[in-house]
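For reference, the structure discussed in these notes is given below.
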Amino acid sequence: MPPQETTEAPETPPCPLSPPVPCQPHDTSDDCLDDDDPVTDLDDIGNATVNSITREPPSRNVTLTLAYTAWAFAGRSIWQQSVLATWVFLLQGKLQDVGYVTAIMGISQLVVSIPAGFLADTYRRDTLLRTASAVGLLAIATTLLACHQRTFHCLVIALAVWGCCWGIANTALSALFADSIRDGERSYYFTQRSVLITLGNTTGPIVALVLFKLLGDHWTIQDCAAVMAVGQIVCFPAIVLLCFLSDDYIPTASDAVDPPDETEPARDAFLPAGTPANPVDTNQALTQPLLAVDTVHTPVPYVYGFLPPTRAVPILVALADILSGLGSGMSIRYFPIFFVQNLGLGPVHVQLLYITAPLLQANLMRLAQTLATQFGRCRVSVAFKCVGVAFMFLMIASYHWHLPTFLVCTLYILRTSCMNATSALTRSMLMDNVPPHERGKWSALESVNMFSWSGSAFVGGMVIGWGGILPLFIVTACGQLLATLPLVALFGYDVASPETNYNNNGVHWLGWMFSARSVSYIPDSDDDQSSYGSRQGVVV
């Protein structure tokens, strides 16, 4: 038997899924992992994905949309939040006319937005945005003419033109914005945009406050017209920005960060067998499967017996938004009149209310997004809205019992902030659950919401004529509570973040409220699956 040679075994390349051994934490030797080595454990995977997303710049459309949002809502809030309703009331002397002009703007937006939604899914969306820019310039000119002449009929025409502008711009811009965001980042950027909307709604009242202070702090037709004219000038840069967005800036599939492997078996211990694995990121909770199925070929029953599984989430979310618009629209235009007539507040004090509420709302939006990563977007949205309804009833009671005006105003601020803090969550839910080629049509629902909001403002004027402003507020609170039911219907199909272990042992104090089970979700086609269904679904 020949003697065995003692040779050194060839070096075996390290497994790409496990670290070299021995490797100690913070070891900087060449044998250990460096920036070019594959990620090895779950924490490293999460950190690597987070870093890559942080380094990856957003599409130019995203940056321009955020800039447009800040300018547009800053200018819009100068003249449309409290000044418009008060000016109409001073011009006409009737509360019903406030609802009338609001309904005109909503109807025009609805009539234009429906065909705009279909055109946005058929042709280039930047063409529609340039059209909206031209209509917006006409709206600015018409409103300035109404401010100069101080006539009600000219104002009605101007608001109708503004409705056409918003109907085209919002529909095409929402779809283009959603398409320009990579999967897994949509909730983050929608929240950023909502925060900018809120900050814009804060900037407008600040400008209006300064103007009213310089003009003498009195509610007069002349002063309101001057403030509205300044608001039109501030809107001008936003209208021009619409011309610079382009379909050519939409990221392609190759630009996506760490695209998931559709054929790779799940390696995440939190996912059921047969579920495609996805990279872990900070928004993982917002992009987890809406349902967990053993195989992707399992037959999927209709949700609640009549809703298609691929449409259940967008249909119910859209229904919740429409019902919420009906409830909120009845009273939102009459809050300034309530402050002026019932509480006796001057222009400066009213603007302070409209400054404080959006600032608190912006902070609550970030809190809502953080909570949504653990408990799901539906549950957080319903919880915030229920708290807002509770503050609404407390505000009504405090005024009825002749409590201090400061307390009534504080409850109004809390109510408004909570009710509006979840708009980004519901919006991202909707966009995450529809394919890209349908986002223009679903974005048109925003104008349907505007119509329901505006139409209910007209109904709100009738309610005021019948029973006064307090019954109107009670009807509004009940309508907003009713609007949460479609989101509650999705509770059974909401799943918590796999990073959250709050209910593993059933002892967490929120466990009873945020319990979860699964629902089925199957993309309509392979094309849809590649774009918005690369995961089995999204958490609601």
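Using my numbering, read the sequence shown as starting at 3 and increasing by one per residue.
Virtual Cβ for every residue (Gly too), placed ideally from N, Cα, C.
Cβ-Cβ distance between residue i and residue j below 7 Å
i	j	result
Trp73	Ala240	yes
Ala231	Leu146	yes
Ala359	Gly206	no
Cys420	Val382	no
Lys215	Val350	yes
Asp185	Ile252	no
Thr544	Arg335	Here the chain covers residues 3 to 542 and nothing more, so residue 544 does not appear.
Phe386	Ala370	yes
Leu325	Ala423	no
Phe340	Ile471	yes
Trp164	Ala136	no
Cys380	Leu492	yes
Phe192	Ser430	yes
Ala227	Cys149	yes
Arg132	Asp249	no
Val113	Asp99	no
Ala134	Ala171	yes
Ala87	Pro438	no
Ala174	Leu243	no
Thr407	Leu345	yes
Leu92	Ile183	no
Ala322	Leu217	no
Met367	Ser189	no
Leu247	Val229	no
Asp225	Gly348	no
Ile466	Leu97	yes
Residue i: first and last residue of the uninterrupted alpha helix (DSSP H) it sits in
i	result
Val85	85-94
Ala72	62-82
Val319	314-334
Val490	487-491
7 Å CB neighbourhood of residue i in its chain, flanking five on each side removed
i	result
Leu413	Phe393, Leu396, Met397, Ser400
Ile415	Leu355, Thr358, Ala359, Leu362
Val391	Ala479, Gln482, Leu483
Pro316	Leu432, Asn435, Val436, Trp444
Ile199	Thr71, Phe75
Cys411	Leu355
Gln194	Leu68
Ala160	Ala141, Thr144, Thr145, Ala148
Arg62	Tyr251
Under the three-state DSSP convention, the category residue i falls into
i	result
His220	coil
Leu347	coil
Thr153	coil
Arg381	helix
Leu244	helix
Asn172	helix
Leu416	helix
Asp263	For Asp263, the pLDDT reaches just 40, beneath the cut-off of 50, and the residue's location in the model is therefore unreliable, leaving the point undetermined.
Arg126	coil
Glu187	coil
Ala518	Model confidence at Ala518 stands at a pLDDT of 33, short of 50, so the residue's coordinates are unreliable; what they give is reported in the following sentence. DSSP places Ala518 in coil when its eight states are reduced to three.
Pro473	helix
His402	helix
Pro301	Low confidence applies here, because Pro301 scores a pLDDT of 43, under 50, leaving its location unreliable; read the following figure in that light. Coil, per DSSP.
Pro281	Residue placement at Pro281 is poorly supported in this model, since its pLDDT is 41, which falls under 50; the coordinates are not used for a value here.
Ala423	coil
Asn203	helix
Thr2	Here the chain has residues from 3 to 542 only, and residue 2 is not among them.
Thr254	coil
Glu58	coil
Phe465	The sequence shown places Val at residue 465, not Phe. The answer is helix: DSSP assigns Val465 an H, G or I state.
Pro437	coil
Leu97	coil
Ser182	coil
Ala210	helix
Min CB distance residue i to chain B below 7 Å
i	result
Tyr251	Here chain B cannot be found, since the structure has a single protein chain.
6 Å Cβ shell around residue i - same chain, five flanking residues per side excluded
i	result
Gly101	Ala459, Phe460, Gly462, Gly463
Trp168	Gln111
Phe179	Thr67
Gly138	Cys167, Ile241
Thr204	Ile357, Pro360, Leu361
Chain-order list of residues whose beta-carbon lies under 8 Å from that of residue i (same chain, five-residue window excluded)
i	result
Gln151	none
Gln94	Phe154
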